[in-house]
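According to my numbering, the residues represented by the sequence shown are 188 to 265, in order.
Reviewing the structure listed below.
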Amino acid sequence: MRKIYDNVIELVGNTPLVRLKKIGEGLEAELIAKLESRNPGGSVKDRTCLSMIEEAEKAGLINKDTVIVEPTSGNTGI
188 MRKIYDNVIE LVGNTPLVRL KKIGEGLEAE LIAKLESRNP GGSVKDRTCL
238 SMIEEAEKAG LINKDTVIVE PTSGNTGI
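Following this line, the structure appears as structure tokens:
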């Protein structure tokens with residue numbers, strides 16, 4: 188049975204691992220990749236963004252009423 192999460196934040200970083208059998212053929216190691224594209228925002232940067240927000244909350248720099256604007260042409264902007 189699959190886990191049901193309480194909120195989308197719980198999904199950040201809980202991405203699946205996949206064996207890379209064909210790429211690892213002939214190697215003496217097992218290659219495993221973590222599919223960061225399965226994060227809620229579709230990016231490895233989901234972890235970074237969540238960490239930045241959580242640390243700013245702990246430091247008292249932002250709260251539930253704070254509006255965050257991230258001007259960017261990259262994928263950390265929301």
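Glycine is no exception: its CB is placed at the ideal position from the N, C-alpha and C atoms.
Put simply, the region 223-238 touches the region 190-202. At least three CB pairs are less than 8 Å apart.
Residue state for K209 is assigned as coil, using DSSP reduced to three classes. A distance of 8 Å or more separates the beta carbons of A216 and L207.
Per DSSP, the continuous alpha helix (DSSP H) segment holding A243 begins and ends at K232 to K245.
Boundaries of the beta strand (DSSP E) around I219: I219 to K221.
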